[in-house]
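Numbered according to the UniProt record's numbering, the sequence shown spans residues 1 to 283.
Taking it in order: structure first as structure tokens, then the write-up.
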Amino acid sequence: MESVGLVEQRRSSRVENNVECVIKKKRCKRKVRIQVKRPVKMVSRTLQRLFDSCQQVFRGPGTVPSPADVQRLCNILDVMKPEDVGLSRDLPFFQSKSVAVEENPRVASATIYKCHNFSLCLLFLPATGVIPLHNHPGMTVFSKLLLGTVHIKSYDWADPLNSDNYDSPSKLRRARIKANRSFTAPCDTSVLYPTSGGNIHEFTATTPCAVLDVLGPPYSKDDGRDCSHYRETSFGDLSNREEFTKVEDDGHCYGWLEEIETPQGSEMDGIPYMGPQIDESHS
1 MESVGLVEQR
11 RSSRVENNVE
21 CVIKKKRCKR
31 KVRIQVKRPV
41 KMVSRTLQRL
51 FDSCQQVFRG
61 PGTVPSPADV
71 QRLCNILDVM
81 KPEDVGLSRD
91 LPFFQSKSVA
101 VEENPRVASA
111 TIYKCHNFSL
121 CLLFLPATGV
131 IPLHNHPGMT
141 VFSKLLLGTV
151 HIKSYDWADP
161 LNSDNYDSPS
171 KLRRARIKAN
181 RSFTAPCDTS
191 VLYPTSGGNI
201 HEFTATTPCA
211 VLDVLGPPYS
221 KDDGRDCSHY
231 RETSFGDLSN
241 REEFTKVEDD
251 GHCYGWLEEI
261 ETPQGSEMDG
271 IPYMGPQIDE
281 SHS
């Protein structure tokens, strides 16, 4: 099975035994090098099965998979391993002691497949790497942590049926906390929906991480599914951090989110996917 790494540059085909994969940090001259042995084939039956199921489950913008279809995809994702996308926990990138922690490390992404109805992509977070608080408009998203430990904090709007009605001219909106805890691979797949399940979330890597994301439909500015970013704040007194979240009578914890411009340095480094390929004519 032919493998994958995080790559921007690939050595000549004369290299028979190894492929060096490099992520270039735009803010740091240091490079993270990943060296893997060259495998024989590029085959992953589980990845192909996931792709075939996604073709049947995702029906395009404006639709949400049925509970049965959600469970169908979760059953596949729950058993997926790093090797299914050509990764290995033995790669230096995923060894916490081998990677020095740096300030504001860059997050990378590799697209496995993308079409109008859905996309499959890998997210690579170095230790302390952050994917800031952002939403998924009109999307159903499956996230499978393949390697590492990551802290996830997620929110749902308190008024999802009135999503365009902001609480103030500054775009402050009340939101209910859905999750606020750490996950360590292997773990079950998390699912978010257009108006529930933690549609607005933030990832903070405790260790180097790899996450497989399935988005249906994918982000699209042309179709009105652009990504918006938010920050936690308080209503009225921005300096009072104790007002960020509050447990209310219904037992849920609520907070205030303010829409902001895309945080500086939050853009991901796009890198090629070099793992097992998908047969689009298979299904």
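All C-beta atoms, glycine included, are put in the ideal place defined by N, C-alpha and C.
The straight-line gap separating the alpha-carbon atoms of Tyr-113 and Ala-68 is approximately 23 Å. Excluding the 5 residues flanking it on each side, Pro-132 has same chain C-beta neighbours closer than 7 Å at Glu-202, His-229, Pro-263, Ser-266, in chain order.
Within the same chain, no residue comes within 6 Å of Arg-181 by CB-CB distance, once the 5 residues on both sides are set aside. Residue environment analysis places Lys-221 among the exposed positions, since fewer than 16 neighbouring C-beta atoms fall within 10 angstroms of its C-beta. Between Leu-73 and Val-141, the C-beta spacing is not below 7 Å.
Straight-line measurement puts the Cα of Leu-47 at about 8 Å from the Cα of Pro-276. In this structure, the straight-line span from the alpha carbon of Val-85 to that of Met-274 is close to 9 Å. Restricting attention to beta strand (DSSP E) runs no shorter than 3 residues, the segment 124-163 encloses them at 130-134, 140-147, 149-157, ordered along the chain.
When C-alpha distances from Val-79 are compared across Pro-137, Gly-198, Thr-189, the shortest belongs to Thr-189.
Taking a C-beta distance under 7 Å as the contact criterion, Ala-179 and Ser-143 do not qualify as a contact pair. By the neighbour-count criterion, in which a residue is buried when 16 or more other Cβ atoms sit within 10 angstroms of its Cβ, Cys-54 is buried. Between the C-alpha atoms of Arg-45 and Pro-272 there is a straight-line separation of about 21 Å. Distance from the Cα of Thr-206 is smallest, within the candidate group Met-139, His-134, Leu-147, Asp-269, for Leu-147. Taking 7 Å as the cut-off, the beta carbon of Pro-92 is found no closer than this to the beta carbon of Pro-217. For Arg-72, the enclosing alpha helix (DSSP H) has its first and last residue at 67-78. Assignment of Cys-54 by DSSP, reduced to helix, strand and coil, places it in the helix class. In the three-state reduction of the DSSP assignment, Glu-83 falls in the helix class.
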